[in-house]
Amino acid sequence: MTRLFAPLLALLLALTGCSLLPDQIDETKGWSAQKLYAAAKDALNSGNYERAIDLYGKLEARYPFGRYAQQALLESAYAYYKYDEPDTAIATLDRFIRTYPRHPNLAYAFYLKGLANFNRGESFIDRYLPRDPSERDAGAARQSFFDFQELVRRFPDSPYARDARQRMIFLRNNLARYEIHAADYYMRRGAYVAAANRARYVIQKYPGTPAVPDALQMLVRAYRALGLDDLAADAERVYRLNYPDRPLPSPDHG
-11 MTRLFAPLLA LLLALTGCSL LPDQIDETKG WSAQKLYAAA KDALNSGNYE RAIDLYGKLE
49 ARYPFGRYAQ QALLESAYAY YKYDEPDTAI ATLDRFIRTY PRHPNLAYAF YLKGLANFNR
109 GESFIDRYLP RDPSERDAGA ARQSFFDFQE LVRRFPDSPY ARDARQRMIF LRNNLARYEI
169 HAADYYMRRG AYVAAANRAR YVIQKYPGTP AVPDALQMLV RAYRALGLDD LAADAERVYR
229 LNYPDRPLPS PDHG
C-alpha cells in the first residue's frame, strides 16, 4: 500500500498542476503589436474597459517604440476614464502630453483630461441622488477649468474647443457658487470677516456670474454684522444700482 501511495500522490499533484496551467498561460504571448492593438481596440469599442486596459498595457510594455504605442497610451487613458479610474486616466494623459508634445491628437488629450477632472468630484451617491455641483470639492473643478482653458488657448480651432468653452462657463459659475456656500458657512458661525473675504473674492474673481448678486448681499450682511456701516452702505448702493428689481434682504436675514 505504501509503495502505491507515493506514485498516486505524485500523479495527483501532477494532474492538479496541469489543471492550473490554462489559467497561467498568457493567450497574447507572441502576438504582434498590430494584433494586440486590434484586440484592445475591439475591447474598448465593446465597453470591456478592463480588458482594453490590460491589452494596451501589454502593447506598451512589449512594443514601447512601435507605431501603435502612442495611440495605445492615449486610448488606455480613455479606457481608464470610462472605467471610473479618473486619477489613473489623468496620470496617463499627463505622461502622454509630456512624452508626445507635438502629437496630432494633443488637443484631444487636454480635452479628455478636462473631462476626467470634470467628473472626478462626482461620487457614487451623486449618480443616484444628484446634488448641486457647486457643493462638491472645488479642487477638481478648478483643475478641469485650467485643462479646458489650456485647450482653448493652444487649440482654439480644434473640434473640442466649443464644448470646452461651454464647460468653462459652467465651471466658472459653479466655482463662484462654491465661494458663496463657503461665505454662508462662515456667516452662520459668526466668522464675519471670513464671510466678507469670500464674498469680495467672488465679486473680484468671478464678475458677471449669477453668484455676484448673492455675493453683494453677503457683503452687506457681513459688514453690518461687523459694525462697518459705511462699507455696508457702499455695498448696498452697488447692489441696488446693478439689481434694481431684486430686493435686498432685511438686516436680520440669515
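Everything in the sequence shown is counted per this note's numbering, starting at -11 for the first residue and increasing by one.
C-beta atoms are modelled at their ideal positions from N, C-alpha and C, and glycine is treated no differently.
Starting from residue i, follow the alpha helix (DSSP H) in both directions and report where the run begins and ends.
i	result
residue 85	74 to 87
residue 162	149 to 176
residue 14	Note, residue 14: premise wrong, no alpha helix (DSSP H); not H, not E.
residue 145	Element bounds for residue 145: n/a, residue is neither H nor E.
residue 179	That residue, residue 179, is in no alpha helix (DSSP H); it is neither H nor E in DSSP.
residue 62	57 to 70
residue 35	Taken as a continuous stretch (DSSP letters only), residue 35 belongs to no alpha helix (DSSP H), as it is neither H nor E.
residue 199	Residue 199 -> no alpha helix (DSSP H), and no H or E assigned at all.
residue 93	Where residue 93 is concerned, there is no enclosing alpha helix (DSSP H), given that its DSSP letter is neither H nor E.
residue 229	217 to 230
Using a 10 Å radius around the Cβ and a threshold of 16 neighbouring Cβ atoms, would you call residue i buried or exposed?
i	result
residue 181	exposed
residue 155	buried
residue 197	buried
residue 87	exposed
residue 167	buried
residue 83	exposed
residue 229	exposed
Look at the alpha carbon of residue i and the alpha carbon of residue j, and state the distance between them as a whole number of angstroms.
i	j	result
residue 63	residue 176	48 Å
residue 171	residue 24	53 Å
residue 222	residue 199	19 Å
residue 137	residue 75	20 Å
residue 56	residue 153	31 Å
residue 90	residue 231	48 Å
residue 17	residue 42	13 Å
residue 209	residue 220	7 Å
residue 97	residue 226	43 Å
residue 133	residue 188	21 Å
residue 39	residue 100	20 Å
Relative to the alpha-carbon of residue i, which residue among the options has its alpha-carbon at the smallest distance?
i	options	result
residue 130	105, 147, 148	105
residue 21	194, 201, 46	46
residue 212	189, 179, 235, 194	179
residue 169	126, 233, 158	126
residue 108	72, 135, 80, 79	72
residue 103	186, 92, 77	77
The region 188 to 205 / the region 213 to 221 touching (three or more Cβ pairs under 8 Å): With contact defined as three or more Cβ pairs closer than 8 Å, the region 188 to 205 and the region 213 to 221 are not in contact.
Touching by the beta-carbon criterion (3+ pairs, under 8 Å), the region 157 to 169 and the region 138 to 146: They do not touch, by the three-pair rule.
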